[in-house]
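Notes for the one structure printed next.
Residue numbers (my numbering), protein chains in the order written: chain A, 8 to 277; chain B, 8 to 277.
Take a look at the structure:
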């Protein structure tokens, strides 16, 4: 999600492979969110990537990439699948979907919601054995959601498995003012990564520049009942982000400040 | 000269100011030579730069920058003076000139020669006093190359000053195969920064990709009688550049391998 300048360096240092399934979602066409895509794609081409790359973003992004590739002569070794960002589900894969919402910024801008699909419920071996289903292929069939027959008796997956488990949801706002519709869009996300460019004392500036304060991010996170808030996109004017973090935590305690290369584990749901 | 991705970081860490006289010379439009210009110009705009920036490069660079600024909405706070690269002197300032030559690469590509103008010769106070020129304004006039009159006698600058001193010359090849015309163009440069993408054993690859080996760079430096050779643009395939450096030094001993942030002092000529 978004590619600031130099992101290929981070990408490589995090051990993310250059020839793995990759979807790049760009919120909007400001330089600090998009310049890094050129170097990343070029490095992928230099490493002879063959898998296509999916790119989601405003339609102008496609124009700019095409013009740039033509001018700069980056000979891509793989296809680009371009998906125009628009409100609603823009990508629907077997294991997850990606949903867009227009955000409130100085240019056409989108927020993203990355949502894992529901996972099957927990399998209870003792229940299966009790019903006479022997360990082996029939267990696997049940775990995959289909019924089996044991001595003429139909055994349903629901008889040996718990309830379906919800997938995880990660929200990412890009640059935006807070808005009621964003509360709804990000409701019950496990993690919300939100624009926190300014501190409370610079709230006027946040309005002018169409960004959010950390305080506003926290209010939104609280109202959307998210699991965790990650503040990001801090203005270079602040030597330390600690005051911004404190302001947010006064409203929404489970808040952290994003850092380059930060890794967070988001527990799966039971 | 050239702007790879992330160059703004280097620019800032080297203490180069964002609002000082700046000329950017781009050799050609391959991503690793040009992507960084976007972030640099954007950061200059964010810091409210007011002085114009001069950019020298192939004409397509101007098209790409214009398209990019329009799409990405980098609101520049300063003017860009664009100079199309073409053979000959492209910029002539009071203290230096910049000269271009077409190089031999897979796209329209230029090498640059940054040449300081001649400086006035050394001023000899004892000679001036001997001729009766009192210390003060008249010394300054002589030092600036104009005659003065002392008791009706004309004193010429040449009577109190040494010979004019040659300016320094720095050559930069960008990406290129070696070529006879480059030998001539870079003759007697104090420093020549030259494409050394490959080692001797990969010389076939150097031909195919239209780059040079460190050995070829050294041969050219020797024939052009430059003061010092700086190898640069090493292929990522080499873990160490030491073998490339050794190959070059076997031909041209005064060779160094460029490093990020390297600072070299080029002594003024007497």
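C-beta: ideal position from N, C-alpha, C; glycine also. Quantities reported herein were computed from a predicted structural model and do not represent experimental measurements.
What are the boundary residues of the alpha helix (DSSP H) that residue i is part of?
{"i": "residue 70 (chain B)", "result": "66–79"}
{"i": "residue 215 (chain A)", "result": "210–216"}
{"i": "residue 133 (chain A)", "result": "132–137"}
{"i": "residue 192 (chain A)", "result": "187–192"}
{"i": "residue 149 (chain A)", "result": "144–150"}
Looking at the unbroken beta strand (DSSP E) that takes in residue i, where does it start and where does it end?
{"i": "residue 32 (chain B)", "result": "29–32"}
{"i": "residue 104 (chain A)", "result": "103–109"}
{"i": "residue 200 (chain A)", "result": "198–202"}
{"i": "residue 276 (chain B)", "result": "Here residue 276 (chain B) belongs to no beta strand (DSSP E), and DSSP marks it neither H nor E."}
{"i": "residue 140 (chain B)", "result": "Looking at the DSSP string, residue 140 (chain B) is not in any beta strand (DSSP E), and its letter there is neither H nor E."}
{"i": "residue 25 (chain A)", "result": "First-last for residue 25 (chain A): undefined, no H or E at that position."}
{"i": "residue 98 (chain A)", "result": "95–99"}
{"i": "residue 123 (chain A)", "result": "117–123"}
{"i": "residue 155 (chain B)", "result": "155–157"}
Mapping the DSSP letters down to three states, classify residue i as helix, strand or coil.
{"i": "residue 84 (chain A)", "result": "coil"}
{"i": "residue 258 (chain A)", "result": "coil"}
{"i": "residue 44 (chain B)", "result": "helix"}
{"i": "residue 222 (chain A)", "result": "helix"}
{"i": "residue 12 (chain A)", "result": "coil"}
{"i": "residue 166 (chain B)", "result": "helix"}
{"i": "residue 61 (chain A)", "result": "strand"}
{"i": "residue 18 (chain A)", "result": "helix"}
{"i": "residue 235 (chain B)", "result": "strand"}
{"i": "residue 178 (chain B)", "result": "strand"}
{"i": "residue 56 (chain A)", "result": "coil"}
{"i": "residue 38 (chain A)", "result": "helix"}
{"i": "residue 129 (chain B)", "result": "coil"}
Is the Cβ-Cβ distance between residue i and residue j less than 8 angstroms?
{"i": "residue 46 (chain A)", "j": "residue 17 (chain A)", "result": "no"}
{"i": "residue 278 (chain B)", "j": "residue 236 (chain B)", "result": "The requested residue 278 (chain B) does not occur in the structure, where chain B is confined to residues 8 to 277."}
{"i": "residue 205 (chain B)", "j": "residue 242 (chain B)", "result": "yes"}
{"i": "residue 65 (chain A)", "j": "residue 115 (chain A)", "result": "yes"}
{"i": "residue 197 (chain A)", "j": "residue 170 (chain A)", "result": "no"}
{"i": "residue 232 (chain A)", "j": "residue 262 (chain A)", "result": "no"}
{"i": "residue 188 (chain A)", "j": "residue 79 (chain A)", "result": "no"}
{"i": "residue 209 (chain A)", "j": "residue 183 (chain A)", "result": "no"}
{"i": "residue 180 (chain A)", "j": "residue 200 (chain A)", "result": "yes"}
{"i": "residue 81 (chain B)", "j": "residue 55 (chain B)", "result": "no"}
{"i": "residue 57 (chain B)", "j": "residue 85 (chain B)", "result": "yes"}
{"i": "residue 117 (chain A)", "j": "residue 105 (chain A)", "result": "no"}
{"i": "residue 44 (chain B)", "j": "residue 31 (chain B)", "result": "yes"}
{"i": "residue 36 (chain A)", "j": "residue 69 (chain A)", "result": "no"}
Chain A partners of residue i, CB-CB under 7 angstroms?
{"i": "residue 241 (chain B)", "result": "Per Cβ cutoff of 7 angstroms: no residues; residue 241 (chain B) is ~14 angstroms from chain A at best."}
{"i": "residue 67 (chain B)", "result": "78"}
Starting from the beta carbon of residue i, find every residue of chain B whose beta carbon is closer than 9 angstroms, and list them in chain order.
{"i": "residue 73 (chain A)", "result": "Chain B residues near residue 73 (chain A): none, gap ~10 angstroms exceeds 9 angstroms."}
So which residues of chain B does residue i contact, with C-beta pairs closer than 7 angstroms?
{"i": "residue 114 (chain A)", "result": "80"}
{"i": "residue 268 (chain A)", "result": "In chain order: nothing, as chain B lies at least about 16 angstroms away."}
What residues of chain A sit near residue i, judged by a beta carbon separation below 9 angstroms?
{"i": "residue 215 (chain B)", "result": "Within chain A, no residue comes near residue 215 (chain B); the closest Cβ sits about 14 angstroms away, beyond 9 angstroms."}
Say whether chain E places a C-beta atom closer than 8 angstroms to the C-beta of residue i.
{"i": "residue 9 (chain B)", "result": "Considering every chain present, this structure includes no chain E. Its protein chains are A and B."}
Give the interface partners of residue i over in chain A, defined as CB-CB distance under 8 angstroms, in chain order.
{"i": "residue 70 (chain B)", "result": "78"}
Item to complete: Determine which residues of the stretch 77–107 of chain B have a Cβ less than 8 angstroms from any Cβ of chain A, and write them out in chain order.
Response: 78, 79, 80, 81
Worksheet item: What are the residues of the stretch 33–53 of chain B that lie near chain A, defined by any Cβ-Cβ distance shorter than 7 angstroms?
Response: 36, 37, 38, 41, 42, 45, 46, 49
Item to complete: Check each residue of the stretch 12–23 of chain A: if its Cβ is closer than 8 angstroms to any Cβ of chain B, include it; give the result in chain order.
Response: 12, 13, 15, 16
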